[in-house]
Amino acid sequence: MADSPENEGAEEGAVEEPAAVPTAIAYGCPLTLSTDDQRVLHPSREQWLLVASAILADGFRMCIDVTAVDYLTNPRRPALADGVAPERFEVVASFMNHARRERIRARIQVPEGDPTVPSLTTLYPGADYLEREVYDMFGVVFEGHPDPSRILMPENWEGHPLRKDYATGAIPVQFKETN
Amino acid sequence: MAITDAPPSSDTGDTPVDPAVLAAASLPSDAATEIHEGQLGLLPRLGSVMRMSEVQMAEASDQPLDGENDQTMLMNMGPSHPSTHGVLRLMLELDGETVIRSKPVVGYLHTGMEKTAENLTYLQGPTNVTRMDYAAPLFNELVFSLATEKLLDIEVPERATWIRMLMSEMNRISSHLLFMATNGMDLGAVSMMIYGWREREQVLRFFEEVTGLRMNHNYIRPGGVAADLPDGWRDSVMHLLDMLPPRLEEYDILMTGQPIWRERLQGVSQMNADEAIALSCTGPVLRSAGVPWDLRRDEPYLAYDEVEFDVVVGTYGDAFDRYAIRLNEIRESMRIIHQILDKMPKGDYRVGDAKVTPPPRARIDESMEALIHHFKIFTEGFKVPEGEVYVAVESPRGELGCYMVSDGGPKPYRMHIRGPSFINLQTLPHMMADGLIADGVVSISSVDPIMGEVDR
């Protein structure tokens, strides 16, 4: 793709600065267009609740999806907005405005050392299960979530399967001993 | 991609207008000055959501009985219970037979399909995702393929689009027929189960004719479909379209008009539009609350803007509306299929781009290059440009979305499926609040969750 910041040779895992991306400002945070020409916001974690609140007030009443990506092994991540520093985890949330038939997406950078994000559940109660799934699969903690527990894996599971450093393959003991 | 053409320094006034700026034009530039109070206030039955871990539940259940001080009872329902649609488990807090609080416990079918997808090429991907919503497998393949094609920036031939539409609508019919069957069985109309399955089997027979398999077809693939429609497909479709209407009228006689059926469903597990939207519901559950929202009409994909159909919307948001919506969506799907029969274009069933499409079988016997090409595509796979996309289609259960990130390699870096069943399940505690356990069964049934998709 044309806006690739690197060439074929860059497979050593070197993280290069992504090329400058056309950026506008919406809801007080940078906005870019994604590969599918979707509007993508890039709020910081501190901004996130304020931005989500503004999105909701603007008529995006439904939180369609919350997921995350672990960019541990991918230095060639899809372009971020100017001035947004890439981190290992990225929480991706999509919203729908039914009246205007519009969608908007937000990508929030979450550092490996402190994987926490404010929870959307007070603004969008529908984000409940989705955030639990992200916690379960990536270990990203949603602060203020009413039930911050695992949802798909067993409660006593160790590790977060969708992290890139979580190996696939057989695991000798899957459940604790029944007592 | 359009935005790469814009010069990097888009701040200067005399450069062409940056598309990102255009896209942002209709949005306010400032964040809210005061925090929106949120949508929790729209959920009057929020207290009915149980927040209790399995350990806490087990501890609480082990407490000795305490005579008059015990007002409520904790009970476990499922995961293997005939009316929980596979392996859904519910933790219930009961007062007599009335449900006070509840919590759906899921994950019993979790097989890590999103992780698996990261280790499969884009061509192998559909074999994986098709097993998610096993009652509507073609939609999973469709959304995966659409996401891949969007990343590849290719357009499939018209015939492939229309074949996809035909198969989708057929699949919607078979899925809703399965709902008719299970919904009837859950409510004690056991003969309905046999009728629903009898009709569904006919549709599955058509799938077998076209794809070779009754379920998990791996038919819709990035770049088109696996094979052209077989000879005589029109007759098979016509046979179905002739067979179904009288059968649906039978359903009307058996269920829709029956006082027992109406008593059992009307007013049960009600939900209003605000609740449905706040809880991110989609599909028949959202439409039953009176929100006319159907991605086929509101964000047309494939060629849905070229066919005529009605979006069936409910009024009361109860279990009867959801039943009636699905029954009538079968009729609307048949209406769409009639139009597809008339408009099915001729042409290729997969894209001509040799990067994505393996060479025709006949070429492999005569050309070494074709053999190598074939081998490379099926072992190494094709490379997909980097980017991130979210694509959504209207599955029988609601918005089925696929968020895909590519790092430029032959396998998705991340593939996330937004399963409508998973998110619609959040409504259960709200619907079941202050109702009887027997009505809770109605709620589960009316959401029509497919656990394969919930757990992925």
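Which chain is which? The protein sequence lines are Y and C, in order.
Read in order, the letters of the first sequence are residues 55 to 233 in our numbering.
Read in order, the letters of the second sequence are residues 18 to 473 in our numbering.
Even for Gly, the Cβ is constructed at its ideal location relative to N, Cα and C.
Residues of the segment 134 to 148 of chain C with a C-beta less than 7 Å from any C-beta of chain Y: ASN136, listed in chain order. Annotation: C/THR444 to C/GLU397 spans about 43 Å, alpha carbon to alpha carbon.
Bridge pairing for Y/ARG159: Y/VAL94 and Y/SER148 [DSSP].
Proximity of chain C to Y/PRO179 at the Cβ level (cut-off 7 Å) is accounted for by GLN56, LEU57, LEU60, ALA295 and LEU296, in chain order. Secondary structure within the segment 266 to 290 of chain C: the alpha helix (DSSP H) runs of 4 or more consecutive residues, fully enclosed, are 276 to 282 (chain order).
The segment 336 to 347 of chain C makes contact with the segment 452 to 469 of chain C; the number of CB pairs closer than 8 Å reaches 3 or more. In the pairwise beta carbon analysis, the segment 104 to 113 of chain C is classified as not touching the segment 199 to 217 of chain C: fewer than three pairs are separated by under 8 Å. Proximity of the segment 145 to 154 of chain C to the segment 420 to 428 of chain C falls short of the contact definition, fewer than three beta-carbon pairs being nearer than 8 Å.
Within chain Y, the residues whose beta carbon sits less than 7 Å from that of C/GLN443 are GLY180, ASP182 and TYR183, listed in sequence order.
Taking C-beta atoms under 8 Å as the contact rule, C/LEU453 and C/GLU114 qualify, at a distance of about 5 Å. Closer than 9 Å to the CB of Y/ARG155 there is at least one CB belonging to chain C. Going by DSSP, C/ILE171 is part of no alpha helix (DSSP H) at all; its letter is neither H nor E.
Assigned with DSSP and collapsed to three states, Y/HIS199 falls in coil, not helix or strand. About 55 Å separates the beta carbon of C/VAL373 from that of C/ILE117, a gap too long to meet the 8 Å contact definition.
For Y/ILE205, the nearest beta carbon of chain C is closer than 9 Å to its own beta carbon.
One Cα belongs to Y/LEU87, the other to Y/ALA147, and the distance between them is close to 15 Å. Within the same chain, TYR318, ALA409, VAL410, GLU411 and GLU416 come within 8 Å of C/LEU312 by CB-CB distance, once the 5 residues on both sides are set aside. Neighbourhood of Y/ASN128 in chain C, by CB distance below 7 Å: ASP424 and TYR430, in chain order.
In the assembly as shown, Y/GLU100 is an exposed residue. Its beta-carbon has fewer than 16 other beta-carbons within 10 Å. Assigned with DSSP and collapsed to three states, C/PRO154 falls in helix. The residues MET130, THR133, ALA134 and LEU137, in chain order, have a CB closer than 8 Å to that of C/ASN145 in the same chain once the five nearest residues on each side in sequence are set aside.
The CB of C/ILE440 comes closer than 8 Å to the CB of GLY180, TYR183 and LEU184 in chain Y, given here in chain order.
Per DSSP, reduced to three states, the secondary structure at C/ASN200 is helical. Here C/ALA371 is exposed, its C-beta having fewer than 16 other C-beta atoms within 10 Å. Unbroken alpha helix (DSSP H) runs of no fewer than 4 residues, entirely contained in the segment 93 to 154 of chain C, are found at 130 to 134 and 142 to 146, following chain order. If you ignore the 5 residues before and after Y/TYR183, its C-beta comes within less than 7 Å of the C-beta of ILE205, all in its own chain and listed in chain order. Per DSSP, the beta bridge partners of C/GLU405 are C/VAL422. Buried is the label assigned to Y/ARG161, since at least 16 other Cβ atoms lie within 10 Å of its Cβ. If you look at C/ARG435, you'll find it in the beta strand (DSSP E) that goes 431 to 435.
Here C/VAL328 is not near C/ILE353, since their CB atoms are 9 Å or more apart.
Put simply, the CB of Y/SER98 is far from chain C, with every gap to its CB atoms at 9 Å or more.
Of the candidates C/PHE196, C/PHE156 and C/THR332, the residue whose Cα lies closest to the Cα of C/GLU186 is C/PHE156. C/LYS393 and C/GLY213 have their alpha carbons spaced roughly 44 Å apart.
Per the C-alpha coordinates, the member of Y/VAL75, Y/SER98 and Y/VAL105 positioned closest to C/LEU44 is Y/VAL105.
If you look at Y/ILE79, you'll find it in the beta strand (DSSP E) that goes 78 to 80. DSSP places C/GLY415 in the strand class (E or B) of the three-state scheme.
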